[in-house]
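Peer 1:
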Amino acid sequence: MHLATTEATVQILDFEPQHASAFRALNEEWITRYFVMEEADHKSLGNPQSYIIDKGGFILMANYQGEIVGTCALINDGQSVYELAKMAVTPKAQGLKIGKLLGEAAIQKAREVGARMVYLVSNRRLETALNLYRRLGFVEVPMPPSIYERADIKMELPL
Numbered sequence: 001m002h003l004a005t006t007e008a009t010v011q012i013l014d015f016e017p018q019h020a021s022a023f024r025a026l027n028e029e030w031i032t033r034y035f036v037m038e039e040a041d042h043k044s045l046g047n048p049q050s051y052i053i054d055k056g057g058f059i060l061m062a063n064y065q066g067e068i069v070g071t072c073a074l075i076n077d078g079q080s081v082y083e084l085a086k087m088a089v090t091p092k093a094q095g096l097k098i099g100k101l102l103g104e105a106a107i108q109k110a111r112e113v114g115a116r117m118v119y120l121v122s123n124r125r126l127e128t129a130l131n132l133y134r135r136l137g138f139v140e141v142p143m144p145p146s147i148y149e150r151a152d153i154k155m156e157l158p159l
């Protein structure tokens with residue numbers, strides 16, 4: 001019963017310029033906990049408007065009890081393919097199904113814009129995230145070269 005109450009109190013919002021610092025902070029928080037910031041991180045987190053949104057992508061923010069506690073992005077890869085990226089939920093809000101809500105909202109957004117595929121790259125150390133992606137319907141596919149040194153798994157979700 002508690003989870004239903006939590007889900008009802010989480011708002012998934014479209015990115016606004018005032019969310020830029022939260023988008024960066026939430027992602028830096030998890031990246032630096034497990035890895036190091038890479039050039040591609042600095043580019044996308046430093047200017048999400050031009051790097052993601054102006055190129056036809058989307059960023060979603062999760063508001064819980066008046067605070068931005070999570071985020072994810074859909075990066076337009078062209079040809080109706082989007083990358084699910086920069087998904088983060090602050091540790092104090094983990095376990096409240098916020099990642100699931102963000103993932104579902106991102107997939108719905110991709111469907112609304114006519115995407116035929118959503119993919120992601122991640123790292124096998126992030127077991128909780130990988131389990132979420134599997135529950136959302138993503139399946140592992142062969143890993144091509146990536147702009148991220150830390151990436152060692154690719155997953156896809158045909159829409």
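The sequence shown runs 1 to 159 under full-length UniProt numbering. For every residue, glycine included, the Cβ atom is placed at its ideal position computed from N, Cα and C. Just so we're clear, the structure is a prediction, and the values are computed from it rather than from any experiment.
Have a look at Arg150, Thr128, Ser122, Asn27 and flag the residue whose alpha-carbon is nearest the alpha-carbon of Glu140.
Peer 2: Comparing Cα-Cα distances from Glu140 to each of Arg150, Thr128, Ser122, Asn27, the minimum goes to Ser122.
Peer 1: Tell whether a beta-carbon distance below 8 Å holds between Val10 and Ile68.
Peer 2: No, the pair does not count as a contact, with Cβ atoms beyond the cut-off.
Peer 1: Check whether the region 128–140 touches the region 49–62, counting contact only when three or more Cβ pairs, one atom from each stretch, lie closer than 8 Å.
Peer 2: No, the region 128–140 does not touch the region 49–62.
Peer 1: Quick check on the DSSP output: the alpha helix (DSSP H) that includes Tyr133 runs from which residue to which?
Peer 2: Unbroken alpha helix (DSSP H) run through Tyr133: 127–135.
Peer 1: Pairs of beta-carbons, one from the region 82–99 and one from the region 23–31, closer than 8 Å: are there three or more?
Peer 2: A contact exists between the region 82–99 and the region 23–31.
Peer 1: Helix, strand or coil: which one does DSSP assign to Lys55?
Peer 2: Coil.
Peer 1: Have a look at the DSSP bridge pairing and note the partners of Glu67.
Peer 2: Glu67 is bridged to Tyr64.
Peer 1: The alpha helix (DSSP H) that contains Glu39, what's its start and end?
Peer 2: 39–46 is the extent of the alpha helix (DSSP H) around Glu39.
Peer 1: Helix, strand or coil: which one does DSSP assign to Tyr148?
Peer 2: Residue state, collapsed to three classes: coil.
Peer 1: Rounded to whole angstroms, what is the Cα-Cα separation between Gly114 and Tyr34?
Peer 2: Whole-angstrom Cα-Cα distance: 34 Å.
Peer 1: Looking at the structure shown, is Phe23 part of a helix, part of a strand, or coil, going by DSSP?
Peer 2: Note: Phe23 maps to helix in three-state DSSP.
Peer 1: Closest to Pro158 by C-alpha separation, out of His42, Tyr119, Met143, would be which residue?
Peer 2: Cα-wise, what sits closest to Pro158 is Tyr119.
Peer 1: Give me, in chain order, the residues of the same chain whose beta-carbon lies closer than 8 Å to that of Ile144; leave out the 5 immediate sequence neighbours on both sides.
Peer 2: According to the sequence shown, residue 144 is Pro rather than Ile. Cβ neighbours of Pro144 beyond the five flanking positions: Lys154.
Peer 1: DSSP on Lys97, reduced to helix/strand/coil?
Peer 2: Looking at Lys97 - three-state DSSP - the assignment turns out to be coil, as it is neither helix nor strand.
Peer 1: Under 8 Å by Cβ, that's how I've got Leu96 and Leu84 pegged, so tell me the actual separation to the nearest angstrom.
Peer 2: Rounded, the Cβ-Cβ distance is 20 Å, inconsistent with contact.
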